[in-house]
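This report refers to the structure that appears directly beneath it.
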Amino acid sequence: MMMLEKDLNLDATELRLGLPGTQDEDQPAVTKKRPLLHTNQTSNANNISSHQEEIDPPSKAQLVGWPPIRSYRKNSFQTKKSEAEAALYVKVSMDGAPYLRKIDLKVYKGYPELLKAMEEMFKFKVGEYCEREGYNGSDYVPTYEDKDGDWMLVGDVPWDMFTTSCKRLRLMKGSEAKGLGCGM
Amino acid sequence: MRRMAYSFPEEVLEHVFSFIQSDNDRNSISLVCKSWYEVERWCRRKIFVGNCYSVCPSMVIKRFPEVRSIELKGKPHFADFNLVPEGWGGYVYPWITAMASSYPWLQEIRLKRMVITDDCLELIAKSFKNFNVLVLSSCEGFSTDGLVAIAANCRNLRELDLRESEVEDFNGHWLSHFPDTYTSLVSLNISCLGSEVSFSALERLVGRCPNLRTLRLNRAVPLDRIANLLSRVPQLVELGTGAYSSEMRPEVFSNLAGAVTHCKQLSSLSGFWDVNPACLPAVYPTCTRLTSLNLSYATIQSPELTKLVSQCHNLQCLWVLDYIEDSGLEAIAASCKDLRELRVFPSDPFGVEVEPNVSLTEQGLVSVSEGCSKLQSVLYFCRQMSNAALITIARNRPNMTRFRLCIIEPRTPDYLTLQPLDMGFGAIVEHCKDLQRLSLSGLLTDRVFEYIGTYANKLEMLSVAFAGDSDLGLHHILSGCENLRKLEIRDCPFGDKALLANAAKLETMRSLWMSSCSVSYGACKLLGQKMPRLNVEVIDERGPPDSRPESCHVEKLYIYRTVAGARLDMPDFVWTMDEDSAVGLS
Chain U
1 MMMLEKDLNL DATELRLGLP GTQDEDQPAV TKKRPLLHTN QTSNANNISS HQEEIDPPSK
61 AQLVGWPPIR SYRKNSFQTK KSEAEAALYV KVSMDGAPYL RKIDLKVYKG YPELLKAMEE
121 MFKFKVGEYC EREGYNGSDY VPTYEDKDGD WMLVGDVPWD MFTTSCKRLR LMKGSEAKGL
181 GCGM
Chain A
1001 MRRMAYSFPE EVLEHVFSFI QSDNDRNSIS LVCKSWYEVE RWCRRKIFVG NCYSVCPSMV
1061 IKRFPEVRSI ELKGKPHFAD FNLVPEGWGG YVYPWITAMA SSYPWLQEIR LKRMVITDDC
1121 LELIAKSFKN FNVLVLSSCE GFSTDGLVAI AANCRNLREL DLRESEVEDF NGHWLSHFPD
1181 TYTSLVSLNI SCLGSEVSFS ALERLVGRCP NLRTLRLNRA VPLDRIANLL SRVPQLVELG
1241 TGAYSSEMRP EVFSNLAGAV THCKQLSSLS GFWDVNPACL PAVYPTCTRL TSLNLSYATI
1301 QSPELTKLVS QCHNLQCLWV LDYIEDSGLE AIAASCKDLR ELRVFPSDPF GVEVEPNVSL
1361 TEQGLVSVSE GCSKLQSVLY FCRQMSNAAL ITIARNRPNM TRFRLCIIEP RTPDYLTLQP
1421 LDMGFGAIVE HCKDLQRLSL SGLLTDRVFE YIGTYANKLE MLSVAFAGDS DLGLHHILSG
1481 CENLRKLEIR DCPFGDKALL ANAAKLETMR SLWMSSCSVS YGACKLLGQK MPRLNVEVID
1541 ERGPPDSRPE SCHVEKLYIY RTVAGARLDM PDFVWTMDED SAVGLS
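Protein chains in written order, with my numbering: chain U, 1 to 184; chain A, 1001 to 1586.
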């Protein structure tokens, strides 16, 4: 079941858009809806008082008191969000494709949805999965690297176990995937 | 004619005046003649002070010696959104000490956005023997220790309401300090408290108070204890649950549903933190009786929300999250024909997701404006709006009195035409002739202020953010809007000219707040100098405004009319511009 993935030194050969050393955070060419905002008076150097605790996510500009919502309402959501598990982003690469994608595993309820999403993202077909023989009839085989660093076939373990152990996904070219089979 | 005024004995006048409760009417009566002024001031029982710094306690006590009920408001409204630095003011202590000696028969204290300490609470508990009502709305500065004093000493307490206050919550033991002989509770709102109150103490308390009508619990009260509690208070009218989730074993569910059904007077529900949708049907038996429903903490999806709310055919007031979505609002428009107030809060206010997480647009509000003919009060957070929608809403609902729209992204234009939303809001003020309160958002030019100044004759409170092009905008407002009392502005290019040109207007208003605008220190000084009956407060955390050029814009400005002069409790980041601040001296 184990592939000698480490020998291939995948990180060095990862092809992606963007400058070397930068992370490709999101799909390219998506314009975020919220531009950085600045308070409009240049003479007001820093309106943010040390007393004011705005718990904004770091990606958003600091706009004190906007939108106009009472603190206790915001606190209700923070609790909710931290109680629910945070998003689980993993990188998805496809052999031969020059870019990486990222997906949030929390969004999907199970393997069929995940596979469908990857199919749409990378424009390919995943083929028939069966426990005995893995993926049949497909150029690409969905694999993932787990917590132990092993490369596994997507679908072999129960979904919940998969989401907690999956570190990254790779759509492997069919020919390379021969080493991965089912039946550990 | 003079004889007419003396023809009624004072007792008769007093009796007649006792039927007149409204402050405005009472004020008018006191202006008729000196004897009516005298009679009226001796029999005025209720005082409302909209700005605690507009008058000092001794003046109030001197004029009205027999007051039984007082309501005070402290900080400016924008303090709700952390725009007023901590320590600004709003201390109630001077009022409590003054009243402790002068109003021994005081029964009711209602405070909003004030700072009240445990010492104050103890003073209240010890000084007013007949104390009935304590409402602390959005207050802070006290702890559960202060509540011990109230619980232990106020034998005739009817109402204890801590709504939305920030309480230092040590533990829930304070509730146990209500003595066993205490039975007069009518209304209890502890929804803002964090810790668990002693549950058995709570059960015994509600069980022995036959007049209990309102019980707003806090999040820590588990759902499976509610049934037991309710069974002791079948006369309950208003209930606020705690966290609304549990494993819902079948008997818990049926007990709850049974208890809820048994409360035949129940017409208002709130709470609903952490809702487990499976538990919701327990409240279905109350739906047709409900007139008020606050689901603004209920993070459940549209189908479940819709199923609940569309059964509430007599609903008048609904607070809900945007999970309700346009589809849910459409259902409400069809089922809740008596709806008067709608508030839709955002579930994802900081927009972590690039795409909106819910399908709530202007359409939801349009649907409700069409279907609910009594709708008069709206607070609506959304991400897109169009002039067409606003015009439709205005035409549908000329009876609107409160309209607060918050398009979450500042300066968002009409999403269909990419134009400013001037026309849309213009339609609102033009059609809704009784509009008292308005909050603007989206892309707006000076034009919208021209409409508001021209049409909004009954407008009393206006909130503006990220709007306008120039001083002209502010000038339109201040030179129009004859009934304007409160104006709050942030991040607008309004400056000296409009403010100084309309200085006299400011004395007809309660207050003006301007932050991150273009008002210079020099203008503030000039205003303070020329208008002795205004307090012009410069709030600036960069240090003394004198250390910067006069043309430098101030961070924040709070102007209010007062007969009390400059206040004496300002922190070191607030300066009052008074007659002594001459322009040019520094």
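Every residue gets a Cβ at the ideal spot worked out from N, C-alpha and C, and that includes glycine.
Member of the options whose CA lies at the smallest distance from the CA of residue i
i, options, result
"K102 (chain U)", "U:G110, U:Y108, U:S93, U:G65", "U:S93"
"N1024 (chain A)", "A:E1038, A:R1044, A:V1012", "A:R1044"
"P1094 (chain A)", "A:W1088, A:T1117, A:K1112, A:W1105", "A:T1117"
"H1177 (chain A)", "A:D1540, A:L1157, A:R1232", "A:L1157"
"V141 (chain U)", "U:T163, U:D148, U:C130", "U:C130"
"R1208 (chain A)", "A:L1193, A:R1219, A:L1229, A:A1523", "A:L1229"
"P1356 (chain A)", "A:R1343, A:C1372, A:E1409", "A:E1409"
"S1054 (chain A)", "A:P1549, A:E1550, A:E1537", "A:E1537"
"K1288 (chain A)", "A:E1370, A:H1475, A:L1266, A:A1151", "What sits at residue 1288 (chain A) in the sequence shown is Thr, not Lys. That would be A:L1266, whose Cα lies nearest to the Cα of T1288 (chain A)."
"N1387 (chain A)", "A:D1422, A:L1215, A:S1373", "A:D1422"
"S1587 (chain A)", "A:L1123, A:K1112, A:D1080", "Nothing about residue 1587 (chain A) can be reported from this structure: the residues present for chain A run from 1001 to 1586 only."
"T1599 (chain A)", "A:C1481, A:V1252, A:L1239", "Because chain A is modelled from 1001 through 1586, residue 1599 (chain A) falls outside the range shown and cannot be assessed."
"P1420 (chain A)", "A:Q1436, A:L1390, A:V1148", "A:L1390"
"Y1182 (chain A)", "A:P1281, A:P1210, A:S1268", "A:P1210"
"F1272 (chain A)", "A:E1038, A:M1059, A:N1399, A:W1319", "A:W1319"
"D1119 (chain A)", "A:R1113, A:E1555, A:I1559, A:D1145", "A:D1145"
"P1277 (chain A)", "A:N1294, A:K1307, A:K1264, A:A1259", "A:K1307"
"S1254 (chain A)", "A:K1433, A:L1280, A:G1242, A:S1367", "A:L1280"
Between the CA atoms of residue j and residue i - distance to the nearest angstrom
i, j, result
"I1047 (chain A)", "S1547 (chain A)", "42 Å"
"A1503 (chain A)", "M1531 (chain A)", "8 Å"
"E1014 (chain A)", "R1542 (chain A)", "54 Å"
"D1270 (chain A)", "D139 (chain U)", "Before going on, a small fix: residue 1270 (chain A) reads as Ser here, not Asp. About 56 Å."
"K167 (chain U)", "G65 (chain U)", "38 Å"
"Q27 (chain U)", "G174 (chain U)", "A caution first: Q27 (chain U) carries a pLDDT of 39, below 50, which makes its placement in the model unreliable, though a value can still be read off. One C-alpha to the other measures close to 25 Å."
"A1125 (chain A)", "D1180 (chain A)", "18 Å"
"G1050 (chain A)", "D1496 (chain A)", "27 Å"
"S1296 (chain A)", "S1347 (chain A)", "9 Å"
"M161 (chain U)", "V1135 (chain A)", "52 Å"
"S1470 (chain A)", "L1440 (chain A)", "16 Å"
"L1568 (chain A)", "C1056 (chain A)", "11 Å"
"K1034 (chain A)", "Y1091 (chain A)", "34 Å"
"E54 (chain U)", "G1194 (chain A)", "Note that E54 (chain U) scores a pLDDT of 38, beneath 50, so its modelled location is shaky and nothing firm can be said."
"C1052 (chain A)", "E1071 (chain A)", "9 Å"
"L1472 (chain A)", "V1519 (chain A)", "14 Å"
"S1327 (chain A)", "T1299 (chain A)", "16 Å"
"E1166 (chain A)", "A1331 (chain A)", "36 Å"
"C1139 (chain A)", "D1080 (chain A)", "10 Å"
"S1369 (chain A)", "T1392 (chain A)", "8 Å"
"E1482 (chain A)", "R1437 (chain A)", "13 Å"
"C1545 (chain A)", "W1036 (chain A)", "Note that residue 1545 (chain A) is Pro in the sequence shown here, rather than Cys. Taking the straight line joining both Cα atoms gives about 48 Å."
"I1407 (chain A)", "N1130 (chain A)", "47 Å"
"A1394 (chain A)", "D1414 (chain A)", "16 Å"
"H38 (chain U)", "L63 (chain U)", "Low local confidence applies: a pLDDT of 36 at H38 (chain U) is under 50, so the model's placement there is unreliable, with the coordinate-based value given in what follows. Rounded to whole angstroms, H38 (chain U) to L63 (chain U) spans 8 Å at the Cα level."
Limits of the unbroken beta strand (DSSP E) element including residue i
i, result
"P1532 (chain A)", "Unbroken run through P1532 (chain A): none, as it is neither H nor E."
"D1540 (chain A)", "First-last for D1540 (chain A): undefined, no H or E at that position."
"G1240 (chain A)", "1238 to 1240"
"I1070 (chain A)", "1069 to 1073"
"R101 (chain U)", "101 to 104"
Endpoints, the alpha helix (DSSP H) within which residue i is located
i, result
"P1303 (chain A)", "1302 to 1309"
"C1043 (chain A)", "1034 to 1043"
"V1148 (chain A)", "1144 to 1153"
"W159 (chain U)", "159 to 165"
"V67 (chain U)", "The sequence as given places Pro at residue 67 (chain U); Val does not occur at that position. Note, P67 (chain U): premise wrong, no alpha helix (DSSP H); not H, not E."
Contact belief for residue i with residue j at Cβ below 8 Å, rounded distance in angstroms
i, j, result
"K1589 (chain A)", "E1460 (chain A)", "As shown, chain A starts at 1001 and ends at 1586. That puts residue 1589 (chain A) outside it, with no answer to give."
"Q1107 (chain A)", "R1068 (chain A)", "5 Å"
"L1256 (chain A)", "I1226 (chain A)", "6 Å"
"G1172 (chain A)", "S1143 (chain A)", "No, G1172 (chain A) and S1143 (chain A) are not in contact; Cβ-Cβ is about 12 Å, not under 8 Å."
"T1412 (chain A)", "G1442 (chain A)", "5 Å"
"S1246 (chain A)", "V1252 (chain A)", "6 Å"
"G127 (chain U)", "N136 (chain U)", "5 Å"
"H1475 (chain A)", "A1498 (chain A)", "4 Å"
Min CB distance residue i to chain D below 9 Å
i, result
"E1164 (chain A)", "Protein chains in the displayed structure are U and A, and chain D is not among them."
Taking one C-beta from the segment 1484 to 1499 of chain A and one from the segment 1456 to 1471 of chain A each time, how about it: are there three or more such pairs within less than 8 Å? Enough Cβ pairs lie closer than 8 Å, so yes.
Three CB pairs or more closer than 8 Å across the segment 1403 to 1415 of chain A and the segment 1373 to 1381 of chain A: Contact holds: three or more Cβ-Cβ distances are below 8 Å.
Within the chosen definition, does the segment 1306 to 1319 of chain A reach the segment 1348 to 1363 of chain A through at least 3 CB pairs nearer than 8 Å? No contact exists between the segment 1306 to 1319 of chain A and the segment 1348 to 1363 of chain A.
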